[in-house]
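A.B. asks: Residue numbers (our numbering), protein chains in the order written: chain L, 1 to 415; chain Y, 1 to 474. Ideal Cβ placement from N, Cα and C applies to all residues, glycine included. Keep in mind it's a predicted model, so treat the numbers as computed, not measured.
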C-alpha cells in the first residue's frame with residue numbers, strides 16, 4: 001500500500017475509515033439486559049432506491065422504466081419481498097435476511113434536503129441539521145454524547161480524543177472517537193475514471209489519450225492477454241476494480257462488526273462506501289450498479305459473520321444523501337433525485353417488511369415531475385433506531401441529535 | 001492597485017510549488033515581484049541542516065554501520081555452523097523443537113543509511129511544503145537534477161550533496177556551483193573520478209592503474225557545453241587527466257574520512273590541452289582553470305539557457321527567450337539570480353498555454369500543498385515518488401530525470417491511483433468546489449469546475465481536482 005501522505009499514527013487514526021466511539025455506552029439499554037450495537041453505513045453518491053427495491057406491483061412501474069425496470073419475470077428476476085416490492089437480484093444475502101425477519105426496508109424516504117448537490121446533501125444527511133453548512137458535528141456523535149457516560153474509558157481513547165479534521169462529519173463532534181483503517185484503501189472507481197476521461201476529452205486530448213491507452217492495456221491484461229502486462233511489468237492496474245471494491249467493502253464492514261462484537265469493544269460505528277452516482281450506463285440488473293449491490297451484499301454477509309454472537313444485538317442502517325430521478329436519462333443512467341430507500345439489517349430488528357407510504361409513480365405523483373416523492377422523513381427512521389435500540393431519550397433526539405425535528409416522530413417498532 | 005489573479009496562479013504553478021490556501025490572493029497584486037522578492041529573502045533555498053549529518057560524517061557512519069553488520073553476519077554464520085555440527089551428534093529424541101515464528105510484523109531493522117536518506121528527504125519535503133511560493137526550491141530541484149548524482153550509488157550522501165553543493169549556489173554564479181559540484185565527494189564517487197589515476201603519476205606508475213574519463217565527459221556533455229558542441233575525444237582525455245587526483249579521503253579514516261582531497265601522487269603531471277587551450281597550472285589548479293573556462297564558454301551559456309527555459313516554460317522553448325537568457329549568462333558571468341530575474345520578467349515566460357506537465361515530484365508536492373498538509377512523511381512520499389517513476393535522488397542516468405511531458409504522460413493511470421488514495425485520506429476535511437478557487441483560481445476551466453462540483457463525494461472531487469489538466473500542467 002502506497003499512501004501519499006500518512007504522517008503519523010495519529011493522523012492515520014483520524015483518516016477516514018471505520019470510526020467508533022468508545023467512551024460513551026448505552027447504559028440504559030444494558031440495564032434492560034441488552035447490549036445493543038449500531039453501525040451506520042453511508043452510501044455516498046445518491047443511491048437509486050428504485051433500482052435497489054423495485055415497486056413491481058405498481059401499475060406504472062414498467063411504463064416508467066421500460067427495459068430498465070426490474071421485474072419478477074425479467075431476464076434476471078427480481079427477488080420478491082412482498083406483494084408489491086421486489087429486491088435487486090444482486091443481493092440474495094439481503095433477501096435471505098429479510099425472509100428471516102432480520103432486514104427492514106424503508107422506501108420513499110429522504111432527509112429534509114431538497115436540492116441536488118452531493119456535498120450539501122451529504123452534509124445534511126450526516127450532520128442531522130436541516131440547513132446546509134449549519135453544523136460541524138454529526139448526529140451519530142451527538143447521539144452518543146447524549147448517552148450516559150460509562151465511566152469505563154478505553155485506554156486508547158485518550159489519544160483518540162483529538163478528533164481531527166479528516167473525520168467524516170457523521171461522527172465528528174464532542175464524543176471521543178477512534179478509528180481503524182482497512183489495510184487496503186478503496187480503489188479509484190471506474191466512475192472516477194469515466195468522469196476524468198470525459199473531462200480530458202473536452203479539455204486535454206493528450207491526457208485523454210494517455211489515460212485511455214493505459215486503461216486499455218489494463219483491460220487487455222485482465223482479459224488474459226498477458227503479453228501486454230509483461231511488457232509493462234505492471235500489475236497495479238490489472239486487478240479488476242470491482243474485485244478490489246468487493247474486498248474493500250467486505251474487509252471494512254466485517255472488521256467493523258468484529259470490533260463491535262468484542263465484549264470490551266465500542267458499540268457504535270460508522271463507515272462510508274463511495275460509487276453510487278450512476279449517471280451513465282447504470283447497469284441495474286447487470287453492470288455497474290449490480291456489481292456495487294453485490295459488493296454491498298457481501299459486506300452484509302461479512303457483518304453477520306463478523307458480529308458472531310453479537311448479531312442478535314446488532315442493527316446496521318444503510319443510508320444515502322438522496323435518491324435519483326425516477327425515469328432513466330438519455331445515457332442509460334439516472335440523475336440526482338430525492339426519495340430513495342434506507343436498508344436496515346441486523347438480528348435485533350423486527351424485520352421482514354417494507355415500510356413505505358407509497359407515493360405512486362404517475363407523473364403527477366413524482367416530486368417536481370421527476371423524482372420519487374419522499375413520504376418518510378429519514379430522521380424518523382434514525383430517531384426510532386436511536387430511541388428503541390440505544391435508548392437515547394426523546395428530548396435529546398429532538399434537540400441535540402436532530403435539532404428542529406420535534407415534529408418528526410421517532411418511527412416505532414423497528415426493533 | 002490592479003490585481004493579476006491569472007498571473008498569480010500561473011506563477012505559483014509554473015515557477016513555484018503550487019498554491020497553498022491564500023497563496024494566489026497574497027501575490028495577486030504583483031506576481032512577478034513576489035517571485036523575485038522570494039529570492040531576496042535571507043537564507044532562501046537553504047535548509048537548516050543542524051540535525052542532519054554532513055556528507056563526510058554520513059559516509060563514515062554508513063561505513064561503520066556496514067562494517068558492523070558484516071561482522072554480525074559472520075558471527076551468526078559461525079554460530080549456525082556450530083549448531084549444525086552439535087545437532088549432528090545430538091539424540092533426536094531429546095531435541096527441543098525450535099521456537100515457532102510469530103506472525104506479527106517484524107519491526108524494521110536498524111539501518112543507518114536508510115535513516116540518513118529519510119532524514120534528508122524529510123528535510124527536503126518540509127522545505128517544499130513550508131515555502132510560500134517555492135521558486136527558490138524549484139531552482140534547487142532544477143540544479144539538483146542538472147548536476148544529479150544517484151542515491152543508488154551514493155545512498156548516504158545524496159541528500160547532503162544537495163545541501164552542500166547545490167543549495168548554497170543556486171542564486172550565485174554558475175562557475176561557483178560548477179566547482180562546488182565537481183569537487184564534492186558524492187559527484188567524484190558517482191562519476192568515478194575518485195579512482196581515476198594519471199598513468200604517469202606516481203600512483204599510476206606504481207599500481208599500473210589508469211584514467212577514468214567518466215566525470216570529464218559528463219562535465220562537458222551534461223554539466224557545461226552540452227552534447228555535440230565541438231569538443232573531441234582528445235579534449236575529454238586531456239580534461240580527465242587534468243582532473244586526476246580529485247578524490248576524497250577514505251570512509252574508514254576517522255575524523256576526515258569522506259572529505260574532499262586532492263591527492264598529488266594520483267595527478268597526471270604536465271600541461272593539458274583542452275578545447276585548443278593549454279593548461280600548465282600545477283596540481284588542482286589545472287582542473288580548476290579548465291572548469292572556470294568551461295563556465296564562461298558561450299556553448300555553456302546556450303546550454304544552460306535552453307535547459308532553464310525548457311524546464312520552466314515549454315517543452316519547445318521559445319528561441320528569443322533562450323537567446324535573451326544566454327546573453328544574460330554571458331553578460332553577468334553566469335549570475336544565476338540574474339538569470340532567474342530575466343526568466344520571470346520576460347513576456348514569453350507567461351504564455352498562457354501551459355504545455356508543461358508537472359513531473360511526479362512537482363505534482364505530489366503540489367497536491368500536498370493544496371490539501372494543506374504541512375508535515376511530510378518521508379517514507380510514504382518516497383514510495384509515491386518511486387511508484388510514479390521519479391524515485392527521489394535516483395535518476396536512471398547522469399542526465400537526470402526527463403523534463404518533457406512525453407516521459408511522464410504514461411503515468412496518468414498511476415497518478416489517478418495515488419490521487420484517489422490521497423483523497424481518501426484527506427478529502428473529508430476539504431471543500432473541493434471552494435478549493436478550486438484557492439488552488440486553480442482563474443486557471444480553472446468551466447469543465448473542470450463542473451466536474452469537481454458534480455463529483456459524488458469529496459473524495460472523488462478532490463481526486464478529480466488533482467487530476468485535472470489545470471492542476472497537472474503548468
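If you follow the beta strand (DSSP E) that residue 37 of chain L is in, where does it begin and where does it stop?
C.D. replies: Indexing the first chain from 1 puts residue 37 of chain L at position 37. Start and end: 37 to 43.
A.B. asks: Closer than 7 Å between beta carbons: that is the criterion. Which residues of the stretch 411 to 429 of chain Y meet it against chain L?
C.D. replies: Of all residues in the stretch 411 to 429 of chain Y, 412, 413, 414, 416, 417, 418, 420, 421, 422, 424, 425, 426, 428, 429 have a Cβ within less than 7 Å of some Cβ in chain L.
A.B. asks: For residue 442 of chain L, which of helix, strand or coil comes out of DSSP?
C.D. replies: This structure cannot settle anything about residue 442 of chain L, because the visible part of chain L is limited to 1 through 415.
A.B. asks: Can you have a look at residue 365 of chain Y and say buried or exposed, based on whether 16 or more other CB atoms are within 10 angstroms of its CB?
C.D. replies: As a first step, residue 365 of chain Y is located in the second chain; it is residue number 365 there, counting from the start. By the neighbour-count rule (16 or more Cβ atoms within 10 Å), residue 365 of chain Y is buried.
A.B. asks: Hey, out of L:318, L:213, L:85, L:249, whose CA is closest to residue 59 of chain L's CA?
C.D. replies: For this step, residue 59 of chain L is matched to residue 59 along the first chain. The candidate whose alpha carbon is nearest that of residue 59 of chain L is L:85.
A.B. asks: Once the 5 residues before and after residue 372 of chain L are set aside, which same chain residues still bring their CB inside 8 Å of it?
C.D. replies: Taking the first chain and counting its residues from 1, one reaches residue 372 of chain L at position 372. Excluding positions up to five away in sequence, the list reads 49, 50, 108, 323, 326, 337, 338, 339, 340, 359, 361, 366.
A.B. asks: Expressed to the nearest angstrom, what Euclidean distance is found between the alpha-carbon atoms of residue 213 of chain Y and residue 348 of chain Y?
C.D. replies: Counted from its first residue, the second chain places residue 213 of chain Y at position 213. Counted from its first residue, the second chain places residue 348 of chain Y at position 348. The straight-line gap from Cα to Cα measures roughly 39 Å.
A.B. asks: Indicate, with yes or no, if the ligand COA has a heavy atom lying under 8 Å from the CB of residue 246 of chain L.
C.D. replies: Among the components modelled here there is no ligand, and therefore nothing to report on the ligand COA.
A.B. asks: Any idea if residue 268 of chain Y is buried or exposed, counting beta-carbon neighbours within 10 angstroms, 16 or more meaning buried?
C.D. replies: Taking the first residue of the second chain as position 1, residue 268 of chain Y is located at position 268. It is buried - the Cβ of residue 268 of chain Y has at least 16 other Cβ atoms within 10 Å.
A.B. asks: Cβ closer than 7 Å: which chain L residues qualify as neighbours of residue 460 of chain Y?
C.D. replies: Mapped onto the second chain, residue 460 of chain Y falls at position 460. Neighbours of residue 460 of chain Y on chain L, chain order: 192, 274.
A.B. asks: Excluding the 5 residues preceding and the 5 following residue 410 of chain L in the sequence, name in chain order all residues of the same chain whose CB lies nearer than 8 Å to its CB.
C.D. replies: Within the first chain, numbered from 1, the residue matching residue 410 of chain L stands at position 410. Excluding residues within five positions, the ones whose Cβ falls inside 8 Å are 380, 383, 384, 386, 387, 388, 394, 397.
A.B. asks: The beta strand (DSSP E) spanning residue 353 of chain L covers which residue range?
C.D. replies: For the purposes of this step, residue 353 of chain L is taken as residue 353 along the first chain, with counting starting at 1. Segment 353 to 355, the beta strand (DSSP E) holding residue 353 of chain L.
A.B. asks: Using a 10 Å radius around the Cβ and a threshold of 16 neighbouring Cβ atoms, would you call residue 38 of chain Y buried or exposed?
C.D. replies: Residue numbering aside, residue 38 of chain Y sits at position 38 when the second chain is read from its first letter. Residue 38 of chain Y comes out buried.
A.B. asks: Counting only beta-carbon atoms, is residue 201 of chain Y nearer than 9 Å to chain L?
C.D. replies: Walking along the second chain from the start, residue 201 of chain Y turns up at place 201. Not closer than 9 Å to any Cβ of chain L, the Cβ of residue 201 of chain Y fails to qualify, so no.
A.B. asks: Report the residues of the stretch 435 to 450 of chain Y with a CB closer than 9 Å to any CB of chain L, ordered along the chain.
C.D. replies: Per Cβ criterion, the list reads 445, 447, 448, 450.
A.B. asks: What are the residues in the stretch 43 to 77 of chain L lying within 9 Å of chain Y by C-beta distance?
C.D. replies: Listed by position along the chain: 44, 45, 46.
A.B. asks: Give me, in chain order, the residues of the same chain whose beta-carbon lies closer than 8 Å to that of residue 204 of chain L; leave out the 5 immediate sequence neighbours on both sides.
C.D. replies: The residue labelled residue 204 of chain L in the question sits at position 204 within the first chain. Contacts found: none.
A.B. asks: At the level of alpha carbons, what is the spacing between residue 115 of chain L and residue 121 of chain L?
C.D. replies: Here residue 115 of chain L is taken as the residue at index 115 of the first chain, counted from 1. Here residue 121 of chain L is taken as the residue at index 121 of the first chain, counted from 1. Taking the straight line from one Cα to the other gives about 8 Å.
A.B. asks: Please list the segments of the alpha helix (DSSP H) lying wholly inside the stretch 206 to 260 of chain Y, counting only runs of 4 or more residues, in order along the chain.
C.D. replies: If we require 4 residues or more, the alpha helix (DSSP H) runs fully inside the stretch 206 to 260 of chain Y come out as 214 to 218, 233 to 242.
A.B. asks: Going by C-alpha to C-alpha distance, which of L:353, L:146, L:199, L:79 sits closest to residue 342 of chain L?
C.D. replies: In the first chain, residue 342 of chain L corresponds to position 342, counting from 1. Comparing Cα-Cα distances from residue 342 of chain L to each of L:353, L:146, L:199, L:79, the minimum goes to L:353.
A.B. asks: Interface residues of chain L around residue 396 of chain Y at Cβ under 7 Å?
C.D. replies: Counted from its first residue, the second chain places residue 396 of chain Y at position 396. The premise fails here: residue 396 of chain Y is roughly 15 Å from chain L at the closest Cβ pair, so nothing lies under 7 Å.
A.B. asks: Applying the 10 Å Cβ sphere with the 16-neighbour rule, what's the burial state of residue 216 of chain L?
C.D. replies: Counted from its first residue, the first chain places residue 216 of chain L at position 216. Under this definition residue 216 of chain L is an exposed residue.
A.B. asks: Tell me the rounded alpha-carbon separation between residue 291 of chain L and residue 317 of chain L.
C.D. replies: Counted from its first residue, the first chain places residue 291 of chain L at position 291. Counted from its first residue, the first chain places residue 317 of chain L at position 317. Looking at the two C-alpha atoms, the distance is approximately 20 Å.
A.B. asks: Under a CB-based cut-off of 9 Å, is residue 196 of chain L close to chain Y?
C.D. replies: For the purposes of this step, residue 196 of chain L is taken as the residue at position 196 of the first chain. For residue 196 of chain L, the answer is yes, since a Cβ of chain Y falls inside 9 Å of its Cβ.
A.B. asks: Compute the beta-carbon to beta-carbon distance between residue 313 of chain Y and residue 370 of chain Y, rounded to the nearest angstrom, for a pair I have assumed lies under 8 Å.
C.D. replies: Here residue 313 of chain Y refers to the residue found at position 313 of the second chain. Here residue 370 of chain Y refers to the residue found at position 370 of the second chain. Actually they do not touch by this definition, with Cβ atoms about 23 Å apart.
A.B. asks: By how many angstroms is the C-alpha of residue 461 of chain Y removed from the C-alpha of residue 455 of chain Y?
C.D. replies: Looking up residue 455 of chain Y in the second chain gives position 455. Looking up residue 461 of chain Y in the second chain gives position 461. Straight-line Cα distance between these residues: approximately 5 Å.
A.B. asks: Going by beta carbon distance, what residues of the same chain come within less than 7 Å of residue 312 of chain L, once the five residues before and after it are set aside?
C.D. replies: Locating residue 312 of chain L in the first chain gives position 312, counting from the first residue. Hits under 7 Å: 347, 348.
A.B. asks: Kindly say whether residue 472 of chain Y, judged by its beta-carbon, lies nearer than 9 Å to any beta-carbon of chain L.
C.D. replies: Within the second chain, the letter at position 472 stands for residue 472 of chain Y. At least one chain L Cβ lies under 9 Å of residue 472 of chain Y.
A.B. asks: So that I know if they touch, is there some Cβ in chain Y lying closer than 9 Å to that of residue 202 of chain L?
C.D. replies: Residue mapping note: residue 202 of chain L aligns to position 202 of the first chain, counting from 1. Yes, because at least one Cβ of chain Y sits closer than 9 Å to the Cβ of residue 202 of chain L.
A.B. asks: List the residues of chain Y that residue 206 of chain L touches, going by C-beta distances under 8 Å, in chain order.
C.D. replies: As a first step, residue 206 of chain L must be located in the first chain, where it is residue number 206. Correct list: 405, 409.
A.B. asks: Mind checking residue 417 of chain L: buried by the 16 CB within 10 Å criterion, or exposed?
C.D. replies: Chain L is shown from 1 up to 415; residue 417 of chain L falls before or after that span and cannot be answered.
A.B. asks: Does the pairing of the stretch 383 to 396 of chain Y with the stretch 327 to 340 of chain Y give three or more beta-carbon distances under 8 Å?
C.D. replies: These segments do not touch.
A.B. asks: How close, in whole Å, do the beta carbons of residue 419 of chain L and residue 201 of chain L come, if the pair is a contact with beta carbons under 8 Å?
C.D. replies: Residue 419 of chain L lies beyond the stretch modelled for chain L, which goes from 1 to 415, so this question has no answer here.
A.B. asks: Are the Cβ atoms of residue 126 of chain L and residue 170 of chain L separated by less than 9 Å?
C.D. replies: What you label residue 126 of chain L is simply residue 126 of the first chain in a count that begins at 1. What you label residue 170 of chain L is simply residue 170 of the first chain in a count that begins at 1. Going by C-beta atoms, residue 126 of chain L is nearer than 9 Å to residue 170 of chain L.
A.B. asks: Since I believe residue 264 of chain Y is in contact with residue 245 of chain Y (beta carbons under 8 Å), could you give me their beta-carbon distance rounded to a whole number of angstroms?
C.D. replies: By 1-based counting over the second chain, the position of residue 245 of chain Y is 245. By 1-based counting over the second chain, the position of residue 264 of chain Y is 264. At roughly 6 Å, the Cβ-Cβ gap stays under 8 Å, so residue 245 of chain Y and residue 264 of chain Y are in contact.
A.B. asks: Check whether the Cβ of residue 19 of chain Y lies closer than 9 Å to any Cβ atom in chain L.
C.D. replies: Here residue 19 of chain Y refers to the residue found at position 19 of the second chain. So no, residue 19 of chain Y is outside the interface.
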